[in-house]
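Undergrad: My structure is below; once you've seen it, I'll send some questions.
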Amino acid sequence: MPKNGVIMAGFWAAALALWAGQVWAQTPAAPACAAPVAPSGEYAPWTNPVAIKAGGDPAAAPLLPLGTAARVTLIATPKVKYEVRPEKPGGTVSYGGILILDITKNSSYRIALSSAAWLDVIGKDGALRSTAHGHGPDCTGIRKVVEFPLQPGRYTVQIAANGADEITVMALPSP
Numbered sequence: 000m001p002k003n004g005v006i007m008a009g010f011w012a013a014a015l016a017l018w019a020g021q022v023w024a025q026t027p028a029a030p031a032c033a034a035p036v037a038p039s040g041e042y043a044p045w046t047n048p049v050a051i052k053a054g055g056d057p058a059a060a061p062l063l064p065l066g067t068a069a070r071v072t073l074i075a076t077p078k079v080k081y082e083v084r085p086e087k088p089g090g091t092v093s094y095g096g097i098l099i100l101d102i103t104k105n106s107s108y109r110i111a112l113s114s115a116a117w118l119d120v121i122g123k124d125g126a127l128r129s130t131a132h133g134h135g136p137d138c139t140g141i142r143k144v145v146e147f148p149l150q151p152g153r154y155t156v157q158i159a160a161n162g163a164d165e166i167t168v169m170a171l172p173s174p
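Residue numbers (numbering that gives the first Met the number 0): 0 to 174.
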């Protein structure tokens, strides 16, 4: 490569690096929360969760009340007997558990979590595919929201790979 070619290649590499830095800097970051914000609307119950203990297997799993936030005490992962092996089960130092969700109306439902734990919903034919993933309202403590299309019936909600022994969970109909 001629001497000018090396200089021009260096110039363009530097220009590209500067441009990429400007584009990256324009990407909005998640807001820094000075204090938690109480969610409103359908997420209002999030601030007053009921306490429940997750089951270690589907037969011992408690009911997750629809439209009510629950502060769920989880179990060490090795002690949980999942109905279907979670795609991301977590390791021996993680926590998980099982809840039951009763649905009476054919609709899409959201399940909100206070952490990035893995979530599976199990129906009569096995694990269901989620139709949407997202975050809750900024600064509310709702870290993850996963949506599932559900028909009337009983479902097993499996929580896996949580880093702490507690998590807040809320199931509610999608708007």
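Glycine included, C-beta positions come from ideal geometry on N, C-alpha and C.
#1: Helix, strand or coil: how does DSSP classify residue 44 here?
#2: What do you reckon, are the CB atoms on residue 173 and residue 128 nearer than 8 Å?
#3: Can you tell me the Cβ-Cβ gap for residue 76 and residue 89, rounded? I've got them flagged as a contact below 8 Å.
#4: State the start and end residues of the unbroken beta strand (DSSP E) segment that holds residue 139.
#5: Can you tell me which of the three DSSP states residue 37 falls into?
#6: When we look at the beta-carbon of residue 120 and count the other beta-carbons within 10 Å, is it buried (16 or more) or exposed?
#7: State the start and end residues of the unbroken beta strand (DSSP E) segment that holds residue 81.
#8: Leaving out five residues on either side along the sequence, give the residues of the same chain with a beta carbon under 6 Å from the beta carbon of residue 122.
#9: Output the boundary residues of the beta strand (DSSP E) element that contains residue 112.
#10: Can you look up residue 59 in the DSSP assignment and give me helix, strand or coil?
#11: With a Cβ-Cβ cutoff of 8 Å, do residue 158 and residue 118 count as a contact?
#12: Using DSSP's beta-bridge definition, name the partner residues of residue 175.
#13: Could you tell me whether the segment 95 to 103 touches the segment 57 to 67, using the rule of 3 or more Cβ pairs below 8 Å?
#14: Using only alpha-carbon positions, find the residue among 135, 131 and 71 that is nearest to residue 42.
TA: Let's see:
#1: helix
#2: no
#3: 5 Å
#4: Counting along the chain, residue 139 falls outside any beta strand (DSSP E), and DSSP gives it neither H nor E.
#5: coil
#6: buried
#7: Where residue 81 is concerned, there is no enclosing beta strand (DSSP E), given that its DSSP letter is neither H nor E.
#8: 154
#9: 106 to 112
#10: helix
#11: yes
#12: An answer regarding residue 175 cannot be provided, because it is not within the stretch 0 to 174 covered by the chain.
#13: yes
#14: 135
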